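Colleague: In this note's numbering, the protein residues as written are 162 to 300. Heads up, the beta-carbon is just placed ideally off N, CA and C, and yes, glycines get one too. Since the structure is predicted, the reported quantities are computational estimates derived from the model, not experimental observations.
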Ligand code: RTP
Ligand code: MG
């Protein structure tokens with residue numbers, strides 16, 4: 162089942178020079194890049210993207226973090242790539258993310274680690290369609 166998913170390389174990934182390493186892992190897995198763009202998010206765009214988290218204690222810090230620098234927005238295509246990319250990314254918290262995963266290998270374990278976890282990946286077909294529409298309208 163060929164799918165598309167929305168991946169974000171968060172501001173910590175860009176700041177720390179990990180974009181190439183993360184894209185390398187995505188390509189090594191065999192997923193195709195359908196779109197890739199370095200851009201600065203806006204509060205409006207993030208309010209849509211993170212609508213499900215509105216009202217949670219980590220919401221505003223998360224939005225502030227996502228506005229702290231450019232992100233790389235990517236659309237991937239590949240066989241079961243929604244679940245597959247989340248597997249590549251590893252658990253949300255880099256402290257417990259398995260070695261071999263992006264967050265487990267490259268994530269930092271101190272400070273706001275659960276927020277600064279390098280990548281986002283859509284979590285379902287429905288989220289992927291919604292998020293691709295937000296970041297790449299018309300794709
Ligand atoms: P993502 O959406 O970024 O792919 O990550 P996820 O599904 O693994 O995590 P999710 O629960 O959707 O949370 C979205 C992002 O919010 C930040 N977060 N902070 N307790 C906390 O401080 C907390 N929990 C989540 C992380 O940046 C997480 O990726
Ligand atoms: Mg999520």
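Following a CB-centred definition, is residue 175 positioned closer than 8 angstroms to any heavy atom of ligand 1?
Modeller: Taking the first residue of the chain shown as 1, we reach residue 175 at position 14. No - ligand 1 has no heavy atom lying nearer than 8 angstroms to the Cβ of residue 175.
Colleague: Apart from the five residues just before and just after residue 229, which ones in its own chain have a Cβ nearer than 6 angstroms to its Cβ?
Modeller: To locate residue 229, count along the chain shown from 1; it is residue 68. Counting only Cβ-Cβ distances below 6 angstroms, and skipping sequence neighbours, we find 172.
Colleague: Looking at the strands, I want to know which residues DSSP matches up with residue 197.
Modeller: As a first step, residue 197 is located in the chain shown; it is residue number 36 there, counting from the start. DSSP lists 235 as partners of residue 197.
Colleague: With DSSP collapsed to three states, give me the class of residue 207.
Modeller: Translated into the one-based positions of the chain shown, residue 207 becomes position 46. The answer is helix: DSSP assigns residue 207 an H, G or I state.
Colleague: Considering only the alpha carbon of each residue, which of 298, 275, 196 and 163 lies closest to residue 169?
Modeller: On the chain shown, position 8 is the one that residue 169 refers to. Residue 196 is the option with its Cα nearest to residue 169.
Colleague: Using CA coordinates, which residue listed in 298, 292 and 280 is at the minimum distance from residue 187?
Modeller: Along the chain shown, one-based indexing puts residue 187 at 26. Answer by Cα proximity: 280.
Colleague: Go ahead and label residue 219 buried or exposed: buried means 16 or more other beta carbons lie within 10 angstroms of its beta carbon, across all protein chains shown.
Modeller: One-based indexing of the chain shown puts residue 219 at position 58. With a threshold of 16 other beta carbon atoms within 10 Å, residue 219 falls short and is exposed.
Colleague: Whose C-beta lies closer than 6 angstroms to the C-beta of residue 192 among residues of the same chain, with five residues either side of it excluded?
Modeller: Your numbering for residue 192 matches position 31 in the chain shown. Counting only Cβ-Cβ distances below 6 angstroms, and skipping sequence neighbours, we find 237, 239 and 242.
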